[in-house]
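Protein chains: 2
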Amino acid sequence: MQEQEPISDLQAVDAILSKNGFDALVATAPENVTYIGGFWAMTHWIRRGPQAYVFWPTARRSEASIITTTSTLDLVADQKPWVSNVRRFGYFVFEGMDRPGLDPLDQAQVDLLMGEEFPGAVEALVDAIREAGLSSGKIAVDEIGMTPQAMARLREALPDLTIEPAFELVRTMRTIKTPEEVRRLRRACNIAEASIDASLKAAHVGMTEKEMARIFHRTTVENDATPVLGVIGFGVRSTLTNSQPSDAALKEGDIIRFDVGGRYMHYRADISRIGVMGEPSREIVDKYAALKNGVDHAYNVIRPGLKASDLFEQVMDAVRKSGLPDYKRNHVGHGIGIDGYDLPNIAPGSSDVLQAGMVICVETPYYEFGLGGLQVEDMIHVTEDGCESLMKSDRELRIVSA
Amino acid sequence: MQEQEPISDLQAVDAILSKNGFDALVATAPENVTYIGGFWAMTHWIRRGPQAYVFWPTARRSEASIITTTSTLDLVADQKPWVSNVRRFGYFVFEGMDRPGLDPLDQAQVDLLMGEEFPGAVEALVDAIREAGLSSGKIAVDEIGMTPQAMARLREALPDLTIEPAFELVRTMRTIKTPEEVRRLRRACNIAEASIDASLKAAHVGMTEKEMARIFHRTTVENDATPVLGVIGFGVRSTLTNSQPSDAALKEGDIIRFDVGGRYMHYRADISRIGVMGEPSREIVDKYAALKNGVDHAYNVIRPGLKASDLFEQVMDAVRKSGLPDYKRNHVGHGIGIDGYDLPNIAPGSSDVLQAGMVICVETPYYEFGLGGLQVEDMIHVTEDGCESLMKSDRELRIVSA
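Keeping their order, the protein sequence lines are chains A and B.
Its first residue numbered 1, the first sequence is counted upward by one per residue in the numbering used here.
Its first residue numbered 1001, the second sequence is counted upward by one per residue in the numbering used here.
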């Protein structure tokens, strides 16, 4: 089985583990299992509770291992993750295992089924840690995806093991995007843009938010992405920060706020555009222009070495100088990747510094009761000498003709 | 603000809490926050890590409370959950709060923003527990959605509090479905069926799995459901238990396996149907008939009082007597609700007993290397005097004409 090439920044993974004196990492949250091991375990993504791990010895000084249920071995055979060693747990039945002349895809599953069946995820993990000679080592365990019961059994089975939480540490590992990650993020972004375009093209007075959402998500799934964030709000509902499409109908003069983005090959989009049904009021035009100035200005200043907290101040200043003198925000953006909120935090007090290879969302949302919600949000790739937009669309207010 | 009527089985919630001597429950996993409090906190559902809770004193002997970030108060205003008391945490900015004559939706948000801003989720939860006079009480905490850090801070803040894990306990509370839950499950089920119908209608030699998946998910989103489970596998890929649509093209004689279901108003579908492109082989026809017999037979025996382990044996026997004498399975189904795997477990050794109001998936999957994957899976509502199918479609093998 020829495994896929890693698409993650595994050098950063090893460097951060080494720097912190860890002998190994155990990834447990869905996004981290996929990021560290190249393995997407379906049940792990669509439910809470199922356990799947990647055991990753620092710099792969011993063998890395995927730990997953027998019923998900097919996904290993099909995905060919770069971590190709697998420990399986749990009973599951397949027939025809000794048929001669099986298809390579069948054979890959049979080969995986030949491995020992562990009673549970923790027993398989303990076996991996023991085989690596790390029973009394120091291990970073992503605490978000492991149940407290599993954590307790791990501590009991390996009392000399030093365990430290790793969820925030793995977030730092994911900060810099590889070219393949940027490609996926760009595609996720462009699919979200196409979905907005299709929605606004169909917009008309009397259309409900749900009717528009059907067109939005239809465009997303027709482009092989999965709906995740689908905030669409008309008029007074545009002020709802997380507006879920309702039966509210579009009226003349209404703001149409999109804060949206699906998942393409596991990678997220998160963008915002604003439409107006017919003629926008002067207040909407002016305030939108100020918010857009904030994002426009970000493109002028984003470069490696800029502090995220300075970017925050620059964007806030640009908005305040151009029509919203009292503009206040907790942040004006964040990284994006396999999770919708990667590092950096573009916020006051952030210690993050922009680096080439980051992909960031820069946004200037504004919610005013009695007026509506306005927002501009772009996905931007930080490059060696500045930045490039991942967007295909401009940032103008989109006027929908009646 | 007129809150929505509860749609959950809150009598069961209180009865199970009382029986186990708990003074209160803290729901933390997304499905449990929605189930117990009627509140759907978007970021909680689409990411891992964000915290949202429902504090539920047993039998509401003091006030229940939603604990969520300030940035999600809009969802409270819009959803009007039956738990209407809210404790918010975190900084978020809205303008226009003192404009006169606000729309009721705006005003509802302003009213929520008037509440105290807690620094974090744990501080808000501690305040709720203290106000209920339960600082030294016994509380069930759903351990899946609370970070270990939050759990540690809770224990530190309230050292006299007795905390026991509740995730499995809340699963037992969700077992019996109310009429509104059954309605949503039926609709989710019928949307999945319509998506299969549309997919098979478009099926033709040379079509790829991805092309079919686009039609499948498009039908789902056009019916206001969200894609979740989208296993579609052709030919050798039908044996992949979790087949994710690929560029593999449909060939004459191929099995087309669907194991699918989205989410409608938070409630899940999980059904399976099998198509064949052109003339199926005798082996496929015969083995499918045996598997179908298993589910057919389930309809004859499902009634309140039947042990789930007996249902397992009955279904297994029916399959074994009708063409697959060596049929083996770990289970032949499970409950379904706001999670895809609710109780009961239809498995050997299960202590669950069928009760009126349960909604169950009965399934007879069969994976044979060299042949393919075959599966029948229906959603069935257990009624006072037997059962009713939630399905609109029959269980026959679907022959696609070339």
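Cβ atoms here follow ideal geometry from the backbone N, Cα and C, with glycine treated the same way.
Bear in mind the structure is a predicted one, so any value in this text is a computation, not a measurement.
Query	Result
Neighbour flag for Thr226/A against chain B, beta carbons, 8 Å	yes
Local conformation of Ile346/A per DSSP, three classes	coil
is_contact[Asn345/A, chain B] using C-beta, thresh 8 Å	no
Minimum Cβ-Cβ distance from Asp1074/B to chain A less than 8 Å	yes
Met1316/B burial status per 10 Å Cβ neighbour count (16 or more: buried)	buried
Span of the alpha helix (DSSP H) around Ala1290/B	Arg1282 to Val1301
Neighbourhood of Leu158/A by C-beta, 7 Å cutoff - its chain only, sequence neighbours within 5 removed	Val126, Ile129 and Ser135
Interface flag, Lys1328/B vs chain A, CB-CB below 8 Å	yes
Selection from Thr1239/B, Leu1102/B and Phe1055/B that minimises the alpha carbon distance to Pro1441/B	Past the boundaries of the shown model lies residue 1441/B; chain B is included only from 1001 to 1402, so the question cannot be answered.
Length of the line joining the Cα atoms of Pro1280/B and Asp1254/B	8 Å
Any alpha helix (DSSP H) of 4 or more consecutive residues that is wholly inside the region 162-204 of chain A	167-173 and 179-202
Interface positions of the region 108-132 of chain A facing chain B (Cβ-Cβ less than 8 Å), listed along the chain	Gln109 and Val110
Sequence-distant residues of the same chain with beta carbon closer than 7 Å to Tyr428/A, five excluded per side	With chain A covering only 1 through 402, there is no way to say anything about residue 428/A.
Contacting positions in the region 18-35 of chain A - beta carbon closer than 8 Å to chain B	Ala29, Pro30 and Glu31
Listed by chain order, chain C residues near Leu240/A by CB distance under 7 Å	Absence of chain C from the displayed structure is noted, the protein chains being A and B.
Inter-residue spacing [alpha-carbon to alpha-carbon] between Ala166/A and Arg155/A	16 Å
Cβ shell of Tyr341/A (< 8 Å), same chain only, five flanking positions each side left out	His334 and Gly335
Spatial distance of Gly323/A from Leu371/A (CA atoms)	15 Å
Test item: CB-CB of Ser1353/B and Arg218/A under 8 Å	Reading the sequence as shown, one finds Val at residue 1353/B and not Ser. Their beta carbons are not under 8 Å apart, which means Val1353/B does not touch Arg218/A by this criterion.
Length of the line joining the Cα atoms of Tyr91/A and Gly235/A	53 Å
Neighbour-count burial assignment, Gln4/A, 16 or more Cβ in a 10 Å radius	exposed
Within chain A, the residues that Arg1282/B reaches when beta carbons sit closer than 9 Å	Those within 9 Å of Arg1282/B in chain A number zero; the least Cβ separation is about 16 Å.
Within chain B, partners of Val236/A - CB distance below 7 Å	Asp1103, Leu1105 and Asp1106
Local Cβ density within 10 Å of Gln11/A, reported as buried at 16 or more and exposed below that	exposed
Contacting positions in the region 1088-1102 of chain B - beta carbon closer than 7 Å to chain A	Tyr1091, Phe1092, Val1093, Phe1094, Glu1095, Gly1096, Met1097, Arg1099 and Leu1102
Min CB distance Gly49/A to chain B below 8 Å	yes
Span of the alpha helix (DSSP H) around His1217/B	Glu1209 to Glu1222
Delimiting residues of the beta strand (DSSP E) encompassing Tyr264/A	Ile255 to Tyr264
Residue-level contact to chain B via CB, Gln244/A, 8 Å cutoff	yes
Beta-carbon neighbours of Asp1342/B, restricted to chain A and to distances below 7 Å	Simply none; closest approach about 11 Å.
Span of the alpha helix (DSSP H), counted from its first residue to its last, around Ala124/A	Ala121 to Glu131
Beta carbon of Gly1115/B nearer than 8 Å to that of Val1093/B	no
C-beta neighbour in chain B for Lys210/A, strict 8 Å	yes
Residue-chain proximity (Gly370/A, chain B), Cβ-Cβ < 8 Å	yes
Closer than 7 Å at the beta carbon, the chain B residues around Leu229/A	Ile1046
Near-chain A residues of the region 1131-1147 of chain B (beta-carbon distance less than 8 Å), N- to C-terminal order	Glu1143, Ile1144, Gly1145 and Thr1147
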